[in-house]
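Residue numbers (my numbering): 432 to 617.
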Amino acid sequence: MFTKFCLLTCLLLSVWTGALAQDKTGAPRAILARPPQTGSEPMLLLGPKNRPYTELLVHTTKLDYYDCNGIVAPWFRELVVAEMNYFAELVDLPFVKGDACVVSIGTEKSLTPGRINIHLYVNQQRLTACVRNEQCPVFRSISLIPKDKVLYRSYFLSDMSRKLISQQCVTDKGKLHEDTTCYTVP
Numbered sequence: 432m433f434t435k436f437c438l439l440t441c442l443l444l445s446v447w448t449g450a451l452a453q454d455k456t457g458a459p460r461a462i463l464a465r466p467p468q469t470g471s472e473p474m475l476l477l478g479p480k481n482r483p484y485t486e487l488l489v490h491t492t493k494l495d496y497y498d499c500n501g502i503v504a505p506w507f508r509e510l511v512v513a514e515m516n517y518f519a520e521l522v523d524l525p526f527v528k529g530d531a532c533v534v535s536i537g538t539e540k541s542l543t544p545g546r547i548n549i550h551l552y553v554n555q556q557r558l559t560a561c562v563r564n565e566q567c568p569v570f571r572s573i574s575l576i577p578k579d580k581v582l583y584r585s586y587f588l589s590d591m592s593r594k595l596i597s598q599q600c601v602t603d604k605g606k607l608h609e610d611t612t613c614y615t616v617p
C-alpha cells in the first residue's frame with residue numbers, strides 16, 4: 432500500500448512540475464488547444480471559379496493575395512492556427528495567433544493555377560514584408576489539396592536562417608502524416 436502511495440505521489444509531482452515548466456515556455460497553447468473540427472459555415476467563402484468575393488490585396492505574377500477575413504471561416508482559421516502552432520512547436524518556431532493571415536490563389540502563370548493556400552504570420556509586419564516585399568525568412572502556409580471530394584491540409588514551415596523545412600499532411604478526418612506533403616498521401 433505504501434509503495435502505491437509513493438508511486439502515485441511521484442507521478443503527481445512529475446506531472447505538476449512538468450506543467451509548471453510548460454507554463455514558462457508557452458507550450459500549452461499548442462498542446463491544450465481544442466479547436467472546432469467543423470462549423471455552421473463552409474471552410475472558405477468563395478464565389479464562381481473559386482474566387483473570393485473580397486477585394487484583391489496584392490497581385491504578383493504567380494499569386495493573388497486576399498485578406499483571410501471574409502474568406503476563411505472563423506472555426507476553420509482556429510483549427511489551422513492550432514495545427515500550425517503544434518507543428519511550429521515541434522520545430523521550435525514561434526506561435527501565430529491567426530490575425531496576420533492571407534489567402535493566396537495561384538494565377539494562370541503559377542506552377543499550380545487555382546491552388547488555394549492560407550499563409551500565417553506572427554504579426555502584420557511579417558505579413559507585409561513577405562507578401563508585398565517578398566522577404567520571407569520564416570514562412571508558414573497551408574495548401575488545401577483536393578483528394579476525391581474532400582480537402583487535405585498540407586502544412587509547410589520554413590526558417591531559412593536555420594535551413595529548416597518541415598512538411599506535414601492532415602487528412603479531412605484529422606489523421607496526421609508526418610514529414611510529407613499531401614501530394615504523396617493516398
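C-beta atoms are modelled at their ideal positions from N, C-alpha and C, and glycine is treated no differently.
request  = For residue 624, name the three-state secondary structure that DSSP assigns.
outcome  = As displayed, the chain neither begins before 432 nor continues past 617, which places residue 624 out of reach and without an answer.
ask   = Which residues does DSSP pair with residue 532 in a beta bridge?
value = 551
query = If you run the structure through DSSP and keep just helix, strand and coil, what is residue 511?
reply = helix
ask   = Can you name, in chain order, every residue of its own chain whose Cβ lies under 6 Å from the Cβ of residue 525, other than the five neighbours on each side?
value = 553
key: Member of 467, 529, 483, 478 whose CA lies at the smallest distance from the CA of residue 431   = Here the chain has residues from 432 to 617 only, and residue 431 is not among them.
key: Beta-bridge pairing of residue 600 - partner residues as DSSP gives them   = 585, 608
Cβ neighbours of residue 506 in the same chain (closer than 6 Å, five flanking residues each side left out) = Hits under 6 Å: 467, 470.
message = At the level of alpha carbons, what is the spacing between residue 501 and residue 515?
response = 21 Å
ask   = What residues match up with residue 573 in a beta bridge as DSSP calls it?
value = The secondary-structure analysis by DSSP pairs residue 573 across a beta bridge with 549, 586.
inquiry  = Within the continuous beta strand (DSSP E) that includes residue 496, where are the two ends?
reply    = 494-498
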